[in-house]
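Residues in the sequence shown are numbered from 1 upward in steps of one, following full-length UniProt numbering.
Here a beta-carbon is modelled for each residue, glycine too, at the ideal position from N, C-alpha and C.
See below for the structure under consideration.
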Amino acid sequence: MKTFKHLILAVFSCFIMVSCGDKKDKKKEGFSYENKAETTNEVKNDINDVVITANDAMQFNKKEIRVKAGAPVKITLKHLGKMDKNVMGHNFVLLKSGTDLVAFGNKAATSKETEYIPEAGKDVIAHTKLIGGGETAVVEFEAPAKGTYEFLCSFPGHYAIMKGTFIVE
């Protein structure tokens, strides 16, 4: 129990140090908070090309992604942080309609051997591989039917903060 408390304290301390960094560094790394221009993507040449970033403070730069129905989708995930994927790994996971995000996130936390994608991805439309600081991952797929879907990072505990809405128009 004592070791567990020390581990929790160490992890919490790391998060505090990362989130208390110099504001200049955050701007340099391209972080953004609630910038309406960044909450949607532009559809170019019938290809839904979306770039989404993640960081060491467990944040995506987008809470909403809009894509055109019937066109290919290309999601590029960039990890702007510096931490290794075993400590602060991120991925992009698009869930099928009707999937319970919390239940999926809890199952994902126990699926380390499959990069936190549980049950062979039966509740998943598409996902990137798990990446660490400085890495980039790309996934391409056909846009699902018109509607609203949820996306998240399935690394243990991240889904509570790193989530958003994927809208197919």
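{"Item": "Could you check how far apart the C-beta atoms of Y159 and G70 are, in whole angstroms? I think they sit under 8 angstroms.", "Value": "Rounded, the Cβ-Cβ distance is 29 angstroms, inconsistent with contact."}
{"Item": "Suppose the cutoff is 6 angstroms on Cβ atoms and the five residues either side in sequence are ignored; what does the same chain contact list for E29 look like?", "Value": "Low confidence applies to E29: its pLDDT is 46, below 50, so where it sits in the model is not reliable, and the reading given next is rough at best. L80, listed in sequence order."}
{"Item": "For a test of the three-state rule: what should DSSP assign to Y159, helix, strand or coil?", "Value": "helix"}
{"Item": "Would you report the Cα separation of A57 and K85, rounded to the nearest angstrom?", "Value": "13 angstroms"}
{"Item": "State the Cα-Cα distance for the pair I125 and K82, rounded to the nearest angstrom.", "Value": "28 angstroms"}
{"Item": "Put N112 into one of helix, strand or coil per three-state DSSP.", "Value": "A small fix is needed here, since residue 112 is Lys in this sequence, not Asn. Helix."}
{"Item": "Where does D123 land, buried or exposed, given buried means 16+ other C-beta within 10 angstroms?", "Value": "buried"}
{"Item": "DSSP beta-bridge partners for A71?", "Value": "Its beta-bridge partners do not exist; DSSP assigns none."}
{"Item": "Would you call the CB atoms of V50 and K74 closer than 8 angstroms?", "Value": "yes"}
{"Item": "From the DSSP output, which residues share a beta bridge with V139?", "Value": "I75"}
{"Item": "At what residues does the beta strand (DSSP E) containing N48 begin and finish?", "Value": "I47 to A54"}
{"Item": "Quick check on T110: buried or exposed, where buried means 16 or more other Cβ atoms within 10 Å of its Cβ?", "Value": "exposed"}
{"Item": "Terminal residues of the continuous beta strand (DSSP E) containing T148?", "Value": "G147 to L152"}
{"Item": "Would F166 and F151 be called neighbours here (beta carbons separated by less than 8 angstroms)?", "Value": "yes"}
{"Item": "Alpha carbon to alpha carbon, what distance is there between E169 and G147?", "Value": "7 angstroms"}
{"Item": "Thinking C-alpha only, which one of I131, Y116 and E64 is nearest N55?", "Value": "I131"}
{"Item": "Exposed or buried, which one is E34 when buried takes at least 16 other CB atoms within 10 Å?", "Value": "Because the pLDDT at E34 is just 44, under 50, the model does not fix this residue reliably, and the value given afterwards should be weighed accordingly. Classification for E34: exposed."}
{"Item": "Using the beta-carbon count (16 or more within 10 Å), is K112 buried or exposed?", "Value": "exposed"}
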